[in-house]
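>
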Amino acid sequence: MANSKRKKSSAQGIPASSLVRALEIVGDAWTILILKEAFQGRRRFHEFHDSLQIPRQTLMLRLAALADNQVLFRKAVRHRTLIQEYHLTPKGLDLYNFIVSVWVWHRRWSDRQLFLPDTLYHRPCGSALRAEFICRQCDKPVVRRDVTLIDSPERGMDPPPGPRHSRENESAFLKGSSGRPDDLVATSIVGDRWSNLVLFSLFQGTSSYSDIKDTLGISSNILSSRLKKLIALDLVEAEPNGRRVVYRITPRGEDIYPMLHSLIDWADRWLAGSKGPPQIMIHCCEAVTEARFVCASCRATLRAWDVTVTRPT
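Counting the sequence shown from 1 gives a position; my numbering is that position plus 415.
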């Protein structure tokens, strides 16, 4: 009976979620790396292909999807033959908080820096970049224990998420990007919808297998595989508690939170529609949370065009 109810509910839709909406657009490991390259100035197909060593068909599909979702726009350029460039739109540029959050995680937790250079510089103040994730209202750090998620009165339902890329594509991603799973964990976890929905459920206070399963409406085999993956990557730990097992976020996992928060903020701005955000994030200062990354040296909000890989002269 429970399974039939879940299938019926899934067919009708799912509770509206900004995180799910964002992941439908950028929740793919290759897509995240393509965006990273776009923020570093890549514009043409061959530049993305040469830098990422991505299969050509995969690159064509991801670029087309980003253009269809107005994250990138195609610009025709005449250079011997007609070719196209892909430029970030305002909607795409607004993903910079998310890109910085992935860089911050890899800089702290990865042995090898494959996402962005280990050292970036903030042009306005000339300092080596140290990024801090703060609340726009009170300027205090934003961490998950200080944020409460409240349903909007008009939360409603969204259509069921579309089909995702196969698990084989994840293996191809790791092979094609020349990275070990632990090197690109933030990219591959956020690029896997179920993995970060499980993480976000844990961030919201669920701790048992049954609670996560009921909250997400996830099948047992998918939940088991994602928990196994998250534990292997030291993002989650399992602790016996009587007859139950309790799942907790590790410090390494806690630092994933700014990525998910940034995606929710982005979706609230760009994907909310006329009803507004389906859920509201309230910071401990009692303001609606819209977090931002700032330069720790000069406290200025980080903008893509103000950050460079070379030290300003």
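C-beta: ideal position from N, C-alpha, C; glycine also.
On the premise that Tyr511 lies in contact with Ala482, defined as a C-beta separation below 8 Å, what is that separation, rounded to the nearest angstrom?
Sequence index remark: in the sequence shown, residue 482 carries index 67 (1-based). Sequence index remark: in the sequence shown, residue 511 carries index 96 (1-based). That belief does not hold up - the Cβ atoms of Ala482 and Tyr511 are roughly 19 Å apart, past 8 Å.
> Which residues bound the alpha helix (DSSP H) around Ala437?
Within the sequence shown, residue 437 is the residue found at index 22, counting from 1. Residues Ser433 to Val441.
> Jot down the residue ranges of each uninterrupted alpha helix (DSSP H) in the region 609-638, minimum 4 residues, whole runs only, in chain order.
The region 609-638 contains these whole alpha helix (DSSP H) runs: 624-631.
> Which full runs of the beta strand (DSSP E) of 3+ residues lie inside the region 441-504, going along the chain?
If we require 3 residues or more, the beta strand (DSSP E) runs fully inside the region 441-504 come out as 487-494 and 496-503.
> From the DSSP output, which residues share a beta bridge with Ser542?
Sequence index remark: in the sequence shown, residue 542 carries index 127 (1-based). Beta-bridge pairing links Ser542 to His537.
> If you draw a straight line from the C-alpha of Leu621 to the C-alpha of Pro655, how long is it?
Position 206 of the sequence shown holds residue 621. Position 240 of the sequence shown holds residue 655. The question names Leu, but residue 621 in the sequence shown is Thr. Distance between the alpha carbons of Thr621 and Pro655: 15 Å.
> Do the CB positions of Glu569 and Lys490 come within less than 7 Å of each other?
In the sequence shown, the residue the question calls residue 569 occupies position 154. In the sequence shown, the residue the question calls residue 490 occupies position 75. Their beta carbons are not under 7 Å apart, which means Glu569 does not touch Lys490 by this criterion.
> Can you give the beta carbon distance from Asp573 to Arg436, rounded, assuming they're within the 8 Å contact cut?
By one-based count along the sequence shown, residue 573 stands at place 158. By one-based count along the sequence shown, residue 436 stands at place 21. Their Cβ separation, rounded to whole angstroms, is 7 Å, which keeps Asp573 and Arg436 in contact under 8 Å.
> Since Val515 is in the alpha helix (DSSP H), which residue starts that stretch and which ends it?
The residue given as residue 515 occupies position 100 in the sequence shown. Note, Val515: alpha helix (DSSP H), Tyr511 to Trp524.
> Within 10 angstroms of the Cβ of Asp443, are there 16 or more other Cβ atoms? Answer buried if so, exposed if not.
Against the sequence shown, residue 443 aligns to sequence position 28. Answer is buried; the Cβ neighbour count reaches 16.
> Mind checking who Ile565 pairs with in its DSSP beta bridge?
Counting from 1 along the sequence shown, the entry for residue 565 is found at position 150. DSSP, once it has assigned bridges, lists Ile695 as partnering Ile565.
> How would you write the range of the beta strand (DSSP E) that Glu652 sits in, first residue to last?
Sequence index remark: in the sequence shown, residue 652 carries index 237 (1-based). Per DSSP, Glu652 belongs to the beta strand (DSSP E) from Val651 to Asn656.
> For Met674, count the other beta carbons within 10 Å of its own beta carbon; 16 or more makes it buried, fewer makes it exposed. Which is it?
Counting from 1 along the sequence shown, the entry for residue 674 is found at position 259. Counting Cβ neighbours within 10 Å, Met674 comes out buried, since at least 16 surround it.
> At 4 residues or longer, what runs of the alpha helix (DSSP H) sit wholly inside the region 659-720?
Segments of the alpha helix (DSSP H) lying fully in the region 659-720: 666-669 and 672-685.
> Any contact of the region 621-640 with the region 463-480, i.e. 3+ C-beta pairs under 8 Å?
No: the two stretches stay apart, fewer than three of their Cβ pairs being nearer than 8 Å.
> If I measure Cβ to Cβ from Glu547 and keep anything under 6 Å in the same chain, skipping five residues before and after, which residues do I get?
Translated into positions along the sequence shown, residue 547 becomes position 132. These residues qualify, in order along the chain: Val709 and Ala711.
> Measure the alpha-carbon distance for Glu701 versus Arg551 and round it to whole angstroms.
Taking the sequence shown and counting its residues from 1, one reaches residue 701 at position 286. Taking the sequence shown and counting its residues from 1, one reaches residue 551 at position 136. Distance between the alpha carbons of Glu701 and Arg551 is about 12 Å.
> What does DSSP give as the partner residues of Phe530 in its beta bridges?
Mapped onto the sequence shown, residue 530 falls at position 115. In the DSSP output, where bridge partners are listed per residue, Phe530 has none listed.
> In its own chain, which residues sit with a C-beta less than 6 Å from the C-beta of Val605, not counting the 5 before and 5 after it?
Here residue 605 refers to the residue found at position 190 of the sequence shown. Once the five neighbours on either side are set aside, the close Cβ partners of Val605 are Asn611 and Met674.
> Quick check: Leu531 and Val722, are their CB atoms within less than 7 Å of each other?
Looking up residue 531 in the sequence shown gives position 116. Looking up residue 722 in the sequence shown gives position 307. Taking 7 Å as the Cβ cut-off, Leu531 and Val722 do not qualify as a contacting pair.
> Would you list the one or two residues that DSSP bridges to Ile646?
Counted from its first residue, the sequence shown places residue 646 at position 231. None; Ile646 has no bridge partner.
> Do Thr563 and Ile679 have their beta-carbon atoms positioned less than 7 Å apart in this structure?
Numbered from 1 along the sequence shown, position 264 holds the residue referred to as residue 679. Numbered from 1 along the sequence shown, position 148 holds the residue referred to as residue 563. No, the pair does not count as a contact, with Cβ atoms beyond the cut-off.
> Run the CB neighbour count on Asp533, radius 10 Å, all protein chains shown included, and call it buried at 16 or more, exposed below.
As a position in the sequence shown, residue 533 is number 118, starting the count at 1. By the 10 Å Cβ count, Asp533 comes out exposed.
> Kindly indicate which three-state DSSP category Thr725 falls into: helix, strand or coil?
Translated into the one-based positions of the sequence shown, residue 725 becomes position 310. Residue state, collapsed to three classes: coil.
> How long is the line joining the alpha carbons of Ile664 and Lys628, rounded to whole angstroms?
Here residue 664 corresponds to residue number 249 of the sequence shown, with the count starting at 1. Here residue 628 corresponds to residue number 213 of the sequence shown, with the count starting at 1. The straight-line gap from Cα to Cα measures roughly 17 Å.
> Assuming Arg477 contacts Thr446 (C-beta within less than 8 Å), just tell me the rounded distance between them.
Sequence index remark: in the sequence shown, residue 477 carries index 62 (1-based). Sequence index remark: in the sequence shown, residue 446 carries index 31 (1-based). Confirmed, Cβ separation roughly 5 Å.
> Tell me, to the nearest whole angstrom, how far the beta carbon of Leu474 is from that of Phe460; I am working on the premise that it is less than 8 Å.
Start at 1 with the first residue of the sequence shown, and residue 474 comes out as number 59. Start at 1 with the first residue of the sequence shown, and residue 460 comes out as number 45. Contact holds; Cβ gap of about 7 Å.
> Hey, how far is the Cα of Ala653 from the Cα of Gly668?
Translated into positions along the sequence shown, residue 653 becomes position 238. Translated into positions along the sequence shown, residue 668 becomes position 253. Distance between the alpha carbons of Ala653 and Gly668 is about 13 Å.
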